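K.L.:
In this note's numbering, the protein residues as written are 8 to 147. Beta carbons are placed, not taken as given, at the ideal position from N, Cα and C, and that holds for glycine. The structure presented is a predicted model; accordingly, all values stated were derived computationally and were not measured. The structure's right below; bear with me while I get my questions together.
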Amino acid sequence: LHLPGSTRDTEGLLRSTDLVVHSSLTEGCPNGVLEPMALGLPVLGTNISGLRQALGRRAAACCLSAPGDWADLGQRMLERVKNGHLSALEGNQNRLRIIEHFSIDTMARQSLDVISTCTGVVASARSGKSAAKLLAVQSQ
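Shown next as C-alpha cells:
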C-alpha cells in the first residue's frame with residue numbers, strides 16, 4: 008500500500024496501480040472509476056448506483072460489495088491480489104466497457120439522441136453541424 012499524496016500525474020499514478028477500490032456510500036457515476044477503467048484496471052467498490060452504472064451489470068456480483076460490508080470488500084481485494092488472471096480479465100472488460108459505453112463518440116451520440124427527442128430536431132454527429140447550430144436554425 009502506497010499513499011503518495013497529491014499528484015498532477017493522475018495517469019502515471021493509475022498506471023502504477025494494480026487495483027482501484029472505490030468505497031463510496033453514495034455517488035453518481037464517478038470519474039475516479041471511469042479513468043482507471045479506461046486504462047484497463049480492475050475496479051472494486053461498493054454496490055451503489057454510480058458504480059453499477061460505470062461497471063455494468065456483471066459487476067454487481069463479482070466486483071461490488073454491499074455498502075458497509077468492509078470484510079467482503081477486503082476479501083474481494085485479496086482475491087484480485089492473489090489472482091492476476093482475474094484482475095487482468097476484469098481490467099480488460101472494464102476497458103471494453105469504456106469504449107462501448109463511455110467513449111466521446113458514444114456520449115456525443117447519446118447526447119444528440121436526447122436533444123433530438125426533446126426538440127424534434129434530428130441532429131447528426133456525422134453531418135458536421137453541432138446540435139447548438141441545428142437548434143439555432145430551428146428557432147429562427
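Kindly indicate the opening and closing residues of the beta strand (DSSP E) around histidine 92.
P.N.:
Stepping through the sequence shown from its first residue, residue 92 is reached at position 85. It is not in any beta strand (DSSP E) - histidine 92 instead sits in the alpha helix (DSSP H) that spans 91-104.
K.L.:
Note down, in chain order, each residue of its chain lying with its Cβ closer than 7 angstroms to the Cβ of valine 50, except the 5 sequence neighbours on either side.
P.N.:
In the sequence shown, the residue the question calls residue 50 occupies position 43. Correct list, in chain order: Val27, His29, Val40, Pro43, Met44, Leu62, Cys70, Asn101.
K.L.:
Nearest-angstrom Cα distance between valine 129 and isoleucine 105?
P.N.:
Residue 129 sits at position 122 when you count from the first residue of the sequence shown. Residue 105 sits at position 98 when you count from the first residue of the sequence shown. So the two alpha carbons sit approximately 26 angstroms from each other.
K.L.:
Tell me whether leucine 32 sits in a helix, a strand or coil according to DSSP, three-state version.
P.N.:
Along the sequence shown, read from residue 1 onward, the residue named residue 32 stands at position 25. Correct three-state label for leucine 32: coil.
K.L.:
Quick one: what does DSSP say threonine 14 is sitting in, helix, strand or coil?
P.N.:
Along the sequence shown, read from residue 1 onward, the residue named residue 14 stands at position 7. Coil, per DSSP.
K.L.:
Quick one: Cα of leucine 32 to Cα of glycine 57, how far?
P.N.:
Along the sequence shown, one-based indexing puts residue 32 at 25. Along the sequence shown, one-based indexing puts residue 57 at 50. Computed Cα separation, rounded: 10 angstroms.
K.L.:
Mind checking which residues open and close the beta strand (DSSP E) that includes leucine 51?
P.N.:
By one-based count along the sequence shown, residue 51 stands at place 44. Segment 50-53, the beta strand (DSSP E) holding leucine 51.
K.L.:
Taking 8 angstroms as the limit between beta carbons, can you name the residues of its chain near alanine 67, skipping five residues before and five after?
P.N.:
The residue you call residue 67 lines up with position 60 of the sequence shown. Result list for alanine 67: Asn54, Arg59, in chain order.
K.L.:
Would threonine 14 and leucine 20 qualify as a contact pair, given that the criterion is a beta-carbon distance under 8 angstroms?
P.N.:
For the purposes of this step, residue 14 is identified with residue 7 of the sequence shown, where counting begins at 1. For the purposes of this step, residue 20 is identified with residue 13 of the sequence shown, where counting begins at 1. Taking 8 angstroms as the Cβ cut-off, threonine 14 and leucine 20 qualify as a contacting pair.
K.L.:
With distances taken Cα to Cα, identify the nearest neighbour of leucine 80 among Arg22, Gly52, Leu96.
P.N.:
Here residue 80 is taken as the residue at index 73 of the sequence shown, counted from 1. Taking only the C-alpha atoms, the option nearest leucine 80 is Gly52.
K.L.:
Buried or exposed: leucine 48, going by 16 or more other Cβ atoms within 10 Å of its Cβ?
P.N.:
Position 41 of the sequence shown, counted from the start, is the residue given in the question as residue 48. Result: buried.
K.L.:
Pick from Pro11, Leu46, Ser23: whose alpha carbon is nearest that of glutamate 97?
P.N.:
The sequence position of residue 97 within the sequence shown is 90, counting from 1. For glutamate 97, the nearest C-alpha among the options comes from Leu46.
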